[in-house]
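S.K.: Okay, handing you the structure first.
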Amino acid sequence: MLTATAREICNATGGYLVAGDPAVVVKGLSTDSREIQPGMAFVALKGERFDGHDFIGAALSGGAAAAIGTSFPGHQVVGLRPGQALIQVDDTLLALQKLAAYHRQKVLKGPLIGVTGSSGKTTTKNLIAAVLSPVLKVLKTPGNFNNEIGLPLTLLRLAPWHQAAVVEMAMRGKGEIASLAAIARPTIGVITNIGTTHLGLLGSIANIAAAKGELLAALPPEGLAVLNGDNEWCRRLAATCPCRVVFFSTRGQGEIYARDIGDRGLEGTFFTAVFPGKEVRVQLPVPGRHNVEDALAALAVGFSLGVEPETMARSLADWPAEDLRQDLRPGPGGSLVFNDAYNANPESMEAALQALGALPGRRVAVLGAMLELGPAEVELHRRVGRFAAARGLYRLITVGELAGEIAAGALEAGMPADQVFACLTHEEAAGHLRGLGHGDVVLFKGSRLTGMEKVLAIWEGSEHD
1 MLTATAREIC
11 NATGGYLVAG
21 DPAVVVKGLS
31 TDSREIQPGM
41 AFVALKGERF
51 DGHDFIGAAL
61 SGGAAAAIGT
71 SFPGHQVVGL
81 RPGQALIQVD
91 DTLLALQKLA
101 AYHRQKVLKG
111 PLIGVTGSSG
121 KTTTKNLIAA
131 VLSPVLKVLK
141 TPGNFNNEIG
151 LPLTLLRLAP
161 WHQAAVVEMA
171 MRGKGEIASL
181 AAIARPTIGV
191 ITNIGTTHLG
201 LLGSIANIAA
211 AKGELLAALP
221 PEGLAVLNGD
231 NEWCRRLAAT
241 CPCRVVFFST
251 RGQGEIYARD
261 IGDRGLEGTF
271 FTAVFPGKEV
281 RVQLPVPGRH
291 NVEDALAALA
301 VGFSLGVEPE
311 TMARSLADWP
321 AEDLRQDLRP
331 GPGGSLVFND
341 AYNANPESME
351 AALQALGALP
361 GRRVAVLGAM
371 LELGPAEVEL
381 HRRVGRFAAA
391 RGLYRLITVG
401 ELAGEIAAGA
411 LEAGMPADQV
421 FACLTHEEAA
431 GHLRGLGHGD
441 VVLFKGSRLT
451 GMEKVLAIWE
461 GSEHD
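FYI, UniProt numbering numbers position 133 of the sequence shown as 133, with every residue one higher than the one before it.
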């Protein structure tokens, strides 16, 4: 947690004290005035639909020790109470980032692991924290606080007793990961994979790889890059890395790799992890071979930091499945819901379908569109449809006009027409789930903005009517 005087905050951010005592001590920080506790600092961020400056008064009334903004009206200056300070900066977001960078350098003496990739970032981040936690006190990114606001807020939660941190880094364009890395200053960089996510924004996979590679460029010479040895673009990036590289692989193409992989559906996924001079059997509590890659990345990080393979294997076996970003739970009529609706790209969509195929019972996939794929979006959706057709599905349901291309691809690949339903609305899609019951398993997946969880909610509601 941030602990600093108003003077130190001014020095870190390049701001200046408008009013108050420079010796005022701040403990903690928030960008939400509703979360302010006595003694915290409030940072007035500006967005397209809000301006935090409108809530400075509420934050000060709530006991904030300091407010950081680009301007302050006269009544706030005059009405400032003892033990409070007003700090003016040119840009509040930049000030937040500078303060996070200052705090990270001041507090954390151990490794900071940055995680990026086209998919699997959150799962890998959680698994890295899991394998390190038995031997180190670890801070990890909460939820998906992985952007220009979330990452600084994560770093500002660092406490002196933390011995390591694992932070997730997302991007939507060139230069964004470089900016995040400049704040976090990672000592270990992990790239889970490089695929078609944000293809529409960056134009080519080569550009996506270059953007992800900004994490590697930020590593110190004594640092470590942990890369997916099964991914062509990760291997290309290795040549640009300024430090040591360790590959993980499911095909024997890395220093740390998996063999004897078995997906036993609801029993989870099993594999043997092979390290230099040692191997250990690993069980993950969720289905899906794609989770093996994420686990290998975590094992590679842990091994590089001296954690025993047996210790890491126990941590992975015991780790809560909800941290693997897949929600397997009972559904209507005794069915099983496989809710992976947080986000989607072609690679993660195919991985989820592969995992669905390992589950027993009649398998149904409810799929929404994959966004930001650019000119290739139609073909990429049809590719997923062709992949789905080979998974032995009982029913394929798509939602939305673009997702209809998934249905078209499945039909092209020979999936029977009476098993494929291209729907335009969530309600229509939910209608095709009625009648499913005991032993059936239903996957929900699509890009976040497609709202696939709405189909699930409508289905569950209709079954309780």
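Positions of the beta carbon are idealized from the N, C-alpha and C atoms, including for glycine. In this text the structure is predicted, and so the values were computed from the model without any measurement.
Express the C-alpha separation of Arg-244 and Ala-101 in angstroms, rounding to a whole number.
M.R.: Answer to the nearest angstrom: the Cα atoms are 24 angstroms apart.
S.K.: Where does Leu-180 fall in DSSP's three states?
M.R.: Three-state DSSP puts Leu-180 in a helix.
S.K.: By DSSP, does Leu-324 sit in helix, in strand, or in coil?
M.R.: Residue placement at Leu-324 is flagged as unreliable, the pLDDT there being 48, under the threshold of 50; the coordinate-derived value follows with that caveat. Leu-324 falls in the helix class under three-state DSSP.
S.K.: According to the neighbour-count rule (16 or more other Cβ atoms, all chains shown, within 10 Å of its Cβ), is Ile-194 buried or exposed?
M.R.: Buried, since its Cβ has 16 or more Cβ neighbours within 10 Å.
S.K.: Does the segment 246-260 come within contact of the segment 268-275, defined as at least 3 CB pairs closer than 8 angstroms?
M.R.: A contact exists between the segment 246-260 and the segment 268-275.
S.K.: For Gly-446 and Gly-120, I'd like the C-alpha separation in whole angstroms.
M.R.: Going from the Cα of Gly-446 to the Cα of Gly-120 covers about 15 angstroms.
S.K.: Leaving out the 5 sequence neighbours to the left and right, which residues in its chain are closer than 8 angstroms to Thr-425 when beta-carbon positions are compared?
M.R.: The residues are Val-399.
S.K.: Between which residues of its own chain and residue 488 is the CB-CB distance below 8 angstroms, once the five residues before and five after are set aside?
M.R.: No answer is possible for residue 488: it lies beyond the span of the chain, which begins at 1 and ends at 465.
S.K.: Is it true that the segment 154-167 meets the segment 77-88, where meeting means three or more beta-carbon pairs spaced less than 8 angstroms apart?
M.R.: The segment 154-167, when compared against the segment 77-88, does not touch it at the 8 angstroms Cβ threshold.
S.K.: For Glu-167, count neighbouring C-beta atoms within 10 Å of its own C-beta (all shown protein chains included) and say buried if the count is 16 or more, exposed if not.
M.R.: Reading off the sequence, residue 167 comes out as Val, not Glu. Val-167 comes out buried.
S.K.: Residues in the same chain with beta-carbon distance under 6 angstroms from Phe-421, minus the five sequence neighbours each way, listed in chain order, please.
M.R.: Excluding positions up to five away in sequence, the list reads Ile-397 and His-432.
S.K.: Which class does Arg-185 belong to by DSSP, given the choice of helix, strand or coil?
M.R.: Of the three classes helix, strand and coil, the one that applies to Arg-185 here is coil, per DSSP.
S.K.: Whose C-alpha, out of Leu-373, Leu-359 and Asp-318, is nearest the C-alpha of Ala-344?
M.R.: Closest option to Ala-344, Cα to Cα, is Leu-373.
S.K.: Are Ser-315 and Pro-134 touching if we call contact CB-CB under 8 angstroms?
M.R.: In this structure, Pro-134 lies closer than 8 angstroms to Ser-315 by Cβ.
S.K.: Hey, quick one: how far does the alpha helix (DSSP H) through Ile-406 stretch, first residue to last?
M.R.: 404-412 is the span of the alpha helix (DSSP H), which, as asked, contains Ile-406.
S.K.: Would you be able to state if there are at least three C-beta pairs under 8 angstroms between the segment 201-211 and the segment 358-367?
M.R.: In short, these stretches do not touch, since the Cβ pair count stays below three.
S.K.: Does the separation of the CB atoms of Phe-248 and Ala-297 fall below 8 angstroms?
M.R.: Going by C-beta atoms, Phe-248 is nearer than 8 angstroms to Ala-297.
S.K.: Taking C-alpha atoms, which residue in Ala-182, Ala-6, Ala-12 and Val-286 lies nearest to Asp-21?
M.R.: Asp-21 has its Cα closest to that of Ala-6, out of Ala-182, Ala-6, Ala-12 and Val-286.
S.K.: Please classify Cys-241: does DSSP put it in a helix, a strand, or coil?
M.R.: If DSSP states are grouped into helix, strand and coil, Cys-241 belongs with coil.
S.K.: Please state whether DSSP places Tyr-342 in a helix, a strand or coil.
M.R.: Tyr-342: coil per DSSP, three-state reduction.
S.K.: Go through the segment 229-310 residue by residue and report every complete run of the beta strand (DSSP E) that reaches 3 residues or more, in order.
M.R.: 244-249, 256-263, 269-275 and 278-284, all fully within the segment 229-310.
S.K.: For Pro-330, count neighbouring Cβ atoms within 10 angstroms of its own Cβ and tell me buried if that reaches 16, exposed if not.
M.R.: So Pro-330 ends up on the exposed side.
S.K.: Which of the three DSSP states, helix, strand or coil, is assigned to Gly-195?
M.R.: Residue state, collapsed to three classes: coil.
S.K.: When the Cα atoms are used, what is the spatial distance from Leu-2 to Leu-93?
M.R.: Cα to Cα, the separation comes out at about 16 angstroms.
S.K.: For Ala-407, count neighbouring C-beta atoms within 10 Å of its own C-beta (all shown protein chains included) and say buried if the count is 16 or more, exposed if not.
M.R.: Flag for Ala-407 reads buried.
S.K.: Which residue or residues does DSSP assign as beta-bridge partners of Ile-205?
M.R.: Looking at the DSSP assignment, Ile-205 forms no beta bridge with any residue, so it has no partner.
S.K.: Span of the beta strand (DSSP E) holding Gly-114?
M.R.: Start and end: 112-116.
S.K.: Compute the Euclidean distance between the alpha carbons of Gln-283 and His-290, then round it to the nearest angstrom.
M.R.: Approximately 13 angstroms, taken between the alpha carbons.
S.K.: Let me confirm a value: Phe-50 is counted as buried when at least 16 other C-beta atoms fall within 10 Å, else exposed. Which label applies?
M.R.: Exposed, by the Cβ-count rule.
S.K.: For the candidate residues Ser-348, Gly-414 and Leu-216, whose alpha-carbon lies nearest to that of Pro-242?
M.R.: Comparing Cα positions, the closest option is Leu-216.
S.K.: Given this structure, state the Cα-to-Cα distance separating Pro-375 from Gly-409, to the nearest angstrom.
M.R.: Cα to Cα, the separation comes out at about 17 angstroms.
S.K.: Identify whether Ile-68 lies in helix, strand or coil by the three-state DSSP scheme.
M.R.: In this structure, Ile-68 counts as strand in the three-state DSSP scheme.
S.K.: Could you give the residue range of the beta strand (DSSP E) that holds Arg-363?
M.R.: 363-368 is the span of the beta strand (DSSP E), which, as asked, contains Arg-363.
S.K.: Can you give me the start and stop residues for the beta strand (DSSP E) that Phe-444 sits inside?
M.R.: Taken as a continuous stretch (DSSP letters only), the beta strand (DSSP E) holding Phe-444 covers 441-445.
S.K.: From this set, Leu-402, Ala-352, Pro-346 and Glu-347, which residue's C-alpha is nearest Phe-338's C-alpha?
M.R.: Of Leu-402, Ala-352, Pro-346 and Glu-347, the residue nearest in Cα terms is Ala-352.
S.K.: Within the same chain, show all residues whose beta-carbon is closer than 8 angstroms to that of Val-131, passing over the 5 residues directly before and after it, in chain order.
M.R.: The residues are Ala-298, Leu-299, Val-301, Gly-302, Val-307, Thr-311, Met-312, Ser-315 and Leu-316.
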